[in-house]
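Contents: one structure, followed by commentary.
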Amino acid sequence: MTNVLIVEDEQAIRRFLRAALEGDGLRVYEAETLQRGLLEAATRKPDLIILDLGLPDGDGNDFIRDLRQWSAIPIIVLSARSEENG
Numbered sequence: 001m002t003n004v005l006i007v008e009d010e011q012a013i014r015r016f017l018r019a020a021l022e023g024d025g026l027r028v029y030e031a032e033t034l035q036r037g038l039l040e041a042a043t044r045k046p047d048l049i050i051l052d053l054g055l056p057d058g059d060g061n062d063f064i065r066d067l068r069q070w071s072a073i074p075i076i077v078l079s080a081r082s083e084e085n086g
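Under the UniProt record's numbering, the first residue of the sequence shown is numbered 1, with each subsequent residue one higher.
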């Protein structure tokens with residue numbers, strides 16, 4: 001079974017993603033913070049991480065940098081953050 005870790009602080013978004021992914025037969029784990037997400041990634045060894053960049057205890061980019069020091073788990077960034085040029 002494919003395991004997915006959702007790292008997202010908004011419960012409504014986690015709930016929506018969980019329902020959609022479990023509906024497709026995936027096993028889903030959740031984390032509300034950057035630190036909890038790193039712990040879950042280390043212990044659960046998910047096949048995929050869905051990551052929000054705006055977490056209450058740090059920036060999602062820091063999560064990616066820290067995770068990449070020891071893992072190549074694929075990451076999908078799902079965020080409301082917008083980037084403007086110029």
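In this text, a Cβ means the ideal position worked out from N, Cα and C, and glycines have one as well.
Per DSSP, residue i is paired with what?
i          : result
residue 88 : The first residue shown for the chain is 1 and the last is 86, placing residue 88 beyond what the model contains.
Ile76      : Ile50
Compute the beta-carbon to beta-carbon distance between residue i and residue j, rounded to the nearest angstrom, for a pair I have assumed lies under 8 Å.
i           : j     : result
Arg44       : Leu5  : 6 Å
residue 110 : Pro46 : Not covered by the structure: residue 110. The range shown for the chain is 1 to 86.
Thr33       : Asp57 : 5 Å
Residues in the same chain with beta-carbon distance under 6 Å from residue i, minus the five sequence neighbours each way, listed in chain order, please.
i     : result
Thr2  : Leu26, Asp47
Val28 : Val4, Arg18, Leu21, Glu22
Arg14 : Ile6, Glu8, Glu30
I'd like the list of long-range same chain contacts for residue i, defined as Cβ closer than 8 Å, with 5 residues on each side in sequence excluded.
i     : result
Gly54 : Asp9, Gly60, Ser79, Ala80, Arg81
Ala37 : Note that residue 37 corresponds to Gly in the displayed sequence, not to Ala. If we look at Gly37 and ignore the five residues flanking it on each side, its Cβ neighbours are Leu5, Val7, Ala31, Ile49, Leu51, Leu55, Phe63.
Exercise for the section: Evaluate contact between the stretch 55–67 and the stretch 16–26, counting only Cβ atoms and requiring at least three cross-stretch pairs below 8 Å. Expected result: no
Exercise for the section: Mind listing, in chain order, the continuous beta strand (DSSP E) runs of no fewer than 3 residues lying wholly within the stretch 41–70? Expected result: 48–51
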